[in-house]
Amino acid sequence: MQVIADLLGVPEDDHDEFRTVLGAARPGAQVGSLQKEALATNPLAWLDDKFSCYISERRDHPRDDVLTSLATAKYPDGSTPEVIDVVRSATFLFAAGQETTTKLLSAALRVLGDHPDLQERLRRDRSRIPLFIEETLRMDAPVKADFRLARKSTTLGEVDIPAGTTLMICPGAANRDPRRFDDPHSFQLDRTNVREHMAFGRGVHSCPGGPLARVEGRVSLERILDRMADIVINAGKHGPPGQRRYTYEPSYLLRGLTELYIDYTPTPCA
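The sequence shown maps to residues 1 to 270 in the UniProt record's numbering.
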């Protein structure tokens, strides 16, 4: 959360407030949640209020940061967007930037705990960490579904799609397409075409935060391997090997564990 906040230009004095409001898990607080429980503080409304203040302030007092770039951007015709339109872009970047990385790291830790052999291979050869991250993204894409608008009529998979149709696409399903990936439900560190996954989209629809998430994932895993030995899944919480039980956020958009219990041996910090 702090990384994407710094990149956008969220004042450091506000970081603690962000952690307090957004750090604790709450039913119904996740993006795309299926739960309708009332929240004492609606995190999305809170973010809108905070970023409205930031954008308005940047228009009056520009700085050298991403929020200023968003605040001072113009439409192609030269007109200025309404503050709320800019706020929606800013909050989307913030939410996407920290949600995907958090879910990527929890998925990676689950794989490490379930596959001690992979853990040891990565310890011996850190150059394989980027490939490990890519295969984790393919197996457990943080984004399960996204939406597109058909700009013109077309036919896809023998289905006619009229112009103006809203389409729901599922990157997680595409990443396990057996026509693209051999034995798609198995985790393979040496998968030759792993970078063909759709976890961060493709082409003009590529996620701008994808490179950052990859770097954060790589650096975090390097630190984890430095400081945590013998990482295993807690059998008391998740069941024995072959009978694991994991729960995921009740969201139709995102895929992420609600909790993950691991055991490990601390190693001295370098």
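No residue lacks a Cβ here, since even glycine has one placed at the ideal position from N, Cα and C.
Quick caveat, the model's predicted, so the values are computed rather than measured.
- Bounds of the alpha helix (DSSP H) holding residue 16 are 15 to 23.
- For residue 148, the pairing in a beta bridge is given by DSSP as 167.
- Secondary structure at residue 156: strand, using DSSP grouped into helix, strand and coil.
- With fewer than 16 neighbouring CB atoms inside 10 Å of its own CB, residue 167 falls in the exposed class.
- Around the beta-carbon of residue 156, fewer than 16 other beta-carbon atoms lie within 10 Å, marking it exposed.
- A Cβ-Cβ separation of about 16 Å leaves residue 96 out of contact with residue 140 under the 8 Å criterion.
- Under the three-state reduction of DSSP output, residue 54 falls in the helix class.
- Of the other Cβ atoms in all chains shown, 16 or more fall within 10 Å of the Cβ of residue 55; this residue is therefore buried.
- Within its own chain, the residues whose Cβ lies closer than 7 Å to the Cβ of residue 200, once the five positions on either side in sequence are excluded, are 206, 207, 210, listed in chain order.
- Counting C-beta pairs with one atom in each stretch, the region 120 to 131 and the region 179 to 187 have fewer than three that are closer than 8 Å, which means they do not touch.
- The Cβ atoms of residue 231 and residue 98 lie no closer than 8 Å to each other.
- In terms of Cα proximity to residue 45, the closest of 80, 158, 84, 60 is 84.
- Relative to the Cα of residue 236, the nearest Cα in the group 263, 175, 109 belongs to 263.
- By the neighbour-count criterion, in which a residue is buried when 16 or more other Cβ atoms sit within 10 angstroms of its Cβ, residue 197 is buried.
- Between the alpha carbons of residue 228 and residue 81 lies a gap of roughly 48 Å.
- Under DSSP, residue 266 shares a beta bridge with 228.
- The criterion of a C-beta distance shorter than 8 Å is satisfied by residue 48 and residue 91.
- Approximately 6 Å separates the beta-carbon atoms of residue 144 and residue 253; this is inside 8 Å, confirming the contact.
- Taking a 10 Å sphere around the C-beta of residue 203, we find fewer than 16 other C-beta atoms and assign the residue as exposed.
- When DSSP states are grouped into helix, strand and coil, residue 143 belongs to the strand group.
- As DSSP reads the structure, residue 248 sits in a beta bridge with 257.
- Looking at the DSSP output, residue 233 bridges to 262.
- For the pair of segments examined, the region 157 to 166 was found not to touch the region 64 to 76: the number of CB pairs separated by less than 8 Å stays below three.
- DSSP places residue 116 inside the alpha helix (DSSP H), whose first and last residues are 116 to 124.
- Residue 1 has its alpha-carbon roughly 31 Å from the corresponding atom of residue 191.
- Residue environment for residue 185: exposed (fewer than 16 other C-beta atoms within 10 angstroms of its C-beta).
- Excluding the 5 residues flanking it on each side, residue 217 has same chain C-beta neighbours closer than 6 Å at 104, 133, in chain order.
- Under a 10 Å Cβ-count criterion, residue 172 is classified as buried, with 16 or more other Cβ atoms of the shown protein chains found around its own Cβ.
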